[in-house]
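Before any comments, here is the structure.
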Amino acid sequence: MKLSEVQLAQEKLAQLKGKYLVDILADWGYEKPDDQGEWKSGAWAKAELDKLHDAIVMVADAIGGQEKFVHNLGGVTVKKADIGSHGGEALSHRVSLSTKGTFSSWTVVHEMAHAWDANHGWKLSHLLEKYTGGYTSPVLSLARRLAGLSDSGLFKPETKPGRYGRRPGCNAAGYFYGDKPSGSNWSFNRKEDFAESVAMYMGWERGNDLSNWAKARIDRYMLEDGAQDKNFGVDNWAHYRKYFYPEGGDYSKTKRWQFIDDLVHGKIRVT
Ligand SMILES: [Zn+2]
Numbered sequence: 001m002k003l004s005e006v007q008l009a010q011e012k013l014a015q016l017k018g019k020y021l022v023d024i025l026a027d028w029g030y031e032k033p034d035d036q037g038e039w040k041s042g043a044w045a046k047a048e049l050d051k052l053h054d055a056i057v058m059v060a061d062a063i064g065g066q067e068k069f070v071h072n073l074g075g076v077t078v079k080k081a082d083i084g085s086h087g088g089e090a091l092s093h094r095v096s097l098s099t100k101g102t103f104s105s106w107t108v109v110h111e112m113a114h115a116w117d118a119n120h121g122w123k124l125s126h127l128l129e130k131y132t133g134g135y136t137s138p139v140l141s142l143a144r145r146l147a148g149l150s151d152s153g154l155f156k157p158e159t160k161p162g163r164y165g166r167r168p169g170c171n172a173a174g175y176f177y178g179d180k181p182s183g184s185n186w187s188f189n190r191k192e193d194f195a196e197s198v199a200m201y202m203g204w205e206r207g208n209d210l211s212n213w214a215k216a217r218i219d220r221y222m223l224e225d226g227a228q229d230k231n232f233g234v235d236n237w238a239h240y241r242k243y244f245y246p247e248g249g250d251y252s253k254t255k256r257w258q259f260i261d262d263l264v265h266g267k268i269r270v271t
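Under our numbering, the residue at position 238 of the sequence shown is numbered 238, and the numbers go up by one with no gaps.
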């Protein structure tokens with residue numbers, strides 16, 4: 001944040017804090033107390049604050065308003081941190097966004113979904129797993145890999161089309177997803193499934209910042225095997241169609257869409 005941007009940023013910061021209980025950990029400011037010394041810009045840009053704010057408003061609107069947002073997430077502190085190769089990380093009441101480059105609205109929604117799940121003791125992702133007919137079994141997963149039934153290497157994905165570990169259970173967690181997620185990889189598990197399902201739900205055919213990405217995640221399975229997708233690279237898309245492509249290409253026909261819709265409308269009992 002540049003010194004010239006700080007005044008403009010105050011309003012966004014106040015709204016995030018006041019309406020959504022979202023605290024941005026400020027890494028900008030003067031190096032010494034009483035506005036002394038040099039100004040440090042830190043990792044946040046004013047435009048990113050706006051993007052974060054808009055994504056949070058989007059989530060709040062989709063789940064029934066700012067009070068629901070506050071009730072479901074219970075307050076969140078957002079900071080920029082060096083978290084390696086991924087774009088974000090989340091725990092209960094805490095979201096970290098990478099200092100490497102900027103972040104997308106998709107990442108914000110994904111991480112907020114983790115914080116929402118975490119605030120409920122990760123029960124939401126358990127409920128999603130059950131609702132969609134999935135299960136987690138590291139033993140069965142290993143057995144399948146040993147039997148050569150996996151689309152991955154034995155203990156890691158291979159970096160070639162058709163070998164990234166996308167079939168049910170072909171991932172580090174032994175997560176056998178049920179129904180049709182919008183995608184899967186070696187890191188997929190019930191928590192990632194929940195976060196991606198929330199982002200897909202919030203983007204699907206709503207004409208917002210997430211919508212093009214949500215559609216692109218589904219449309220890629222209409223490509224032929226070995227085709228290059230401009231966002232997702234080369235893979236055996238046609239082969240994976242049966243695992244991920246929803247009926248008529250309509251994501252709202254999936255059990256995941258229905259689960260999130262039921263959840264935001266209070267039809268899922270979370271004990
Ligand atoms: Zn995640």
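Think of the CB as a built atom: it goes at the ideal place given N, C-alpha and C, for glycine as much as any other residue.
Because the structure is a prediction, the values reported are computed rather than measured.
For residue i, three-class secondary structure by DSSP
i: Val22; result: strand
i: Glu224; result: coil
i: Thr254; result: coil
i: Gly101; result: coil
i: Val109; result: helix
i: Tyr243; result: helix
i: Ser4; result: helix
i: Lys40; result: strand
i: Arg163; result: coil
i: Ser150; result: coil
i: Asn212; result: helix
Alpha-carbon to alpha-carbon, residue j and residue i
i: Met279; j: Ala195; result: The displayed coordinates of the chain run from 1 to 271. Any statement about residue 279 would go beyond what the structure contains.
i: Phe155; j: His239; result: 22 Å
i: His53; j: Thr102; result: 15 Å
i: Trp116; j: Thr136; result: 21 Å
i: Met200; j: Ser187; result: 18 Å
i: Lys80; j: Ala43; result: 7 Å
i: Lys180; j: Leu25; result: 37 Å
i: Met279; j: Asp23; result: Residue coverage of the chain in this structure runs from 1 to 271, which leaves residue 279 outside it and unanswerable.
i: Ala14; j: Lys160; result: 47 Å
i: Gly153; j: Lys242; result: 21 Å
i: Ile260; j: Lys267; result: 10 Å
i: Gly74; j: Asp50; result: 21 Å
i: Trp39; j: Arg220; result: 46 Å
i: Glu224; j: Tyr131; result: 31 Å
i: Ile63; j: Gly248; result: 26 Å
Nearest to residue i (by Cα), restricted to the options the options
i: Ala214; options: Trp44, Phe69, Trp106, His86; result: Trp106
i: Ala60; options: Ala45, Lys242, Leu21, Lys46; result: Leu21
i: Val198; options: Leu263, Ala143, Glu11; result: Leu263
i: His273; options: Lys100, Phe244, Val78; result: Because the chain is modelled from 1 through 271, residue 273 falls outside the range shown and cannot be assessed.
i: Gly203; options: Asp27, Pro138, Val109; result: Val109
i: Ser211; options: Lys17, Val139, Ser104; result: Ser104
i: Trp237; options: Ser182, Ser252, Tyr251; result: Ser182
i: Phe176; options: Val95, Gln228, Leu140, Leu146; result: Leu140
Sub-9 Å separation of residue i and residue j beta-carbons
i: Met112; j: Ala47; result: no
i: Ser184; j: Phe244; result: yes
i: Leu97; j: Val78; result: yes
i: Glu129; j: Gly174; result: no
Within 8 Å, do at least three Cβ pairs link the stretch 194 to 208 to the stretch 156 to 167?
no
With three or more C-beta pairs closer than 8 Å as the rule, is the stretch 68 to 78 touching the stretch 27 to 35?
no
Determine, using beta-carbon pairs with one atom in the stretch 223 to 233 and one in the stretch 86 to 106, whether at least three such pairs fall under 8 Å.
no
Pairs of beta-carbons, one from the stretch 173 to 192 and one from the stretch 113 to 130, closer than 8 Å: are there three or more?
yes
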